[in-house]
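As structure tokens, the structure follows; a few thoughts come after it.
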Amino acid sequence: MKAYHLNQRPGFLLMLALSLLLAACSGGQPSSTESADLEAVEDFVPVINATGVVRPTHWVTLSFPSGGLVRELLVERGDQVESGQLLAQLSSIGQARAALTAAQLEFINAGQARDDLLENAELYSAQAQLALANARDRLDDAEYTWTVRQEGNRASANTIDGAEANLILANEEVDRAESFYKHASGDAGRALALSNLVAAKQHRDSIQRNINWYLGAPDEIEQAILDAELAEAQANLAAAERSYEKVKDGPDPEALELVQARFDNAQASLRAAEQALADMELRATFGGTISDVFVRSDEFVGPGQPIMLLADLSELVVETTDLNEIDVARIAVGYPATITFDALPDVILQGSLTYIAPKASEGTGVNYLVEVQLEEAFPESVRWGMTAFVDIQVEP
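Structure below.
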């Protein structure tokens, strides 16, 4: 079967028509020439021509999301790299690492604080209950002290009567001591008498002070202190009751919300720090070949500026560049194609259409991109960017 290009078809059809007309006029058996023409009609396979270019199926221009000074380039043109391999770094990567370490530490601390609150809920409830009991005891003490310090509450009648009786006895003891002192002779006798007199007066005065306190009332300052101590004990009890109510059935909701918010913020900060560090590094997004490097070490680059060209050269395809709207209407995915190269006249490859663009390419004219994939691997002599000629077999 022979293939004929569409730009040769009009002349061939004219020749075919003339041959059929002569055969009809002769009325006899077809000649050998006529038989050859009929055989050509049966073998006719129309072909659409297009120009294309060789490219990898997967390639990408790598860049840093943020700008900065290029610290070092770790690869060169032609190097084979693996997916995730580090290719280049910016000089500010040290600061990004320090920020990441700080974010990791805060994330750990925030997680521990949250876990501690959840795991020790029963302990915190028991501690709050104990604090509540202590606060009640302190309030009882403050109320008792405030009450007994008020006028008329400092001592019972029996206590006062007993103190007054003791005062009478103490006064009599002072009188006896004074009389003994007046009649004492000699230095030793007078010293002993004086000592007894002083002790008797001190005892009497102590009893008198107690009676005065029993019968007296707090002054303004003392009353203010008593009132303040009582108010403080009442406030402490109210706070202890609120605290216990929050934790008696589980963790304090407000505290739990706070530690959870801290944990969430630490987690978000950690992710941001990880991303900031990643932005300081340029890594291979897939395994392939570094086809080009556009910058040098110690050069300042901006965000998104091309740094390297990475391509997977293990699988190449041909992309058409000038297939017009008339021709594209006659083809479909799966149609066979023959590829040749200007630079490699001895190389003839077979393939098929794997993709037809749904939209015309931008530029002059209405042309559509079509991808052709080979039935077997490209020879090593075929390189990215070579011009290719594509003959696509279509339906007659």
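Numbering (our numbering), first residue to last: 39 to 434.
Even for Gly, the Cβ is constructed at its ideal location relative to N, Cα and C.
As the structure is a prediction and not an experimental result, all values here were calculated from the model.
Which residues in the same chain as residue i place their Cβ atom closer than 6 angstroms to its Cβ, once the five residues preceding and following it in sequence are excluded?
i, result
"T378", "I386 and F427"
"A314", "A134"
"P256", "R187"
"E120", "G325"
"S399", "N405 and L407"
Helix, strand or coil for residue i? Go by DSSP, reduced to three states.
i, result
"N362", "strand"
"W251", "helix"
"P396", "coil"
"F218", "helix"
"A238", "helix"
"Q123", "coil"
"A349", "strand"
"F338", "strand"
"R321", "strand"
"V331", "strand"
"S223", "coil"
"Q246", "helix"
"P344", "strand"
"L100", "strand"
"G423", "coil"
"L54", "Its pLDDT being 45, under 50, L54 is placed unreliably by the model, and nothing is read from it."
"E283", "helix"
"N196", "helix"
"R7", "Nothing about residue 7 can be reported from this structure: the residues present for the chain run from 39 to 434 only."
"A61", "The pLDDT assigned to A61 is 49, lower than 50, so where the model puts this residue is not dependable, and the model offers no usable value."
"N303", "helix"
"E258", "helix"
"D213", "helix"
"N191", "coil"
"L382", "coil"
"P417", "coil"
Can you tell me whether residue i is buried or exposed? The criterion is at least 16 other CB atoms within 10 Å of its CB, across all chains shown.
i, result
"S233", "exposed"
"Y406", "buried"
"Y282", "buried"
"Q127", "buried"
"T327", "buried"
"V410", "buried"
"R368", "exposed"
"G227", "exposed"
"P417", "exposed"
"A266", "exposed"
"D225", "exposed"
"W251", "exposed"
"A171", "exposed"
"T139", "exposed"
"G90", "buried"
"R152", "buried"
"I146", "exposed"
"E258", "exposed"
"R242", "buried"
"V355", "buried"
"T185", "exposed"
"T358", "buried"
List the residues that DSSP assigns as beta-bridge partners of residue i.
i, result
"P94", "L354"
"V428", "A88 and I377"
"Y406", "L361"
"I263", "I263 pairs with nothing; no bridge assigned."
"G389", "A375 and L412"
"G288", "Beta-bridge pairing links G288 to no other residue."
"G326", "V119"
In chain order, what residues of the same chain lie with their CB nearer than 7 angstroms to the CB of residue i, ignoring the 5 residues before and after it?
i, result
"I345", "L100, S101, F102, A126, L320, F332, V333 and V339"
"Q142", "L308"
"A336", "Note on residue identity: the sequence assigns Asp, not Ala, to residue 336. For D336, where only same-chain residues beyond five positions count, the Cβ hits under 7 angstroms are L107 and V108."
"V98", "T323 and L348"
"N362", "G403, V404 and N405"
"L52", "Residue confidence is low: L52 scores 43 on pLDDT, short of 50, so the model does not pin down where it sits. Its coordinate-derived value is still stated next. So the list is empty, once near-sequence residues are dropped."
"D317", "F102, P103 and S104"
"G149", "F301"
"G372", "S390 and L391"
"L124", "L112, E319 and R321"
"Q118", "T327"
Here's a check: name, in chain order, each residue in its chain whose Cβ is nearer than 8 angstroms to the Cβ of residue i, leaving out the five neighbours to either side.
i, result
"A166", "A278, S281, Y282, K284, V285 and K286"
"G66", "At G66 the pLDDT is 49, less than 50, meaning the model places this residue with poor confidence and gives no usable figure here."
"L235", "V212, A215, E216, F218 and Y219"
"C63", "Below a pLDDT of 50, predicted positions are generally treated as unreliable, and C63, at 49, falls in that range; the measurement from the model is reported next regardless. If we look at C63 and ignore the five residues flanking it on each side, it has no Cβ neighbours."
"Y162", "L155, V285, P289 and D290"
"H96", "F324, G326, A349, D350 and E353"
"D330", "R115, M346 and L347"
Alpha helix (DSSP H) runs contained entirely in the segment 104-189, provided each spans 4 or more residues: 131-157 and 159-186
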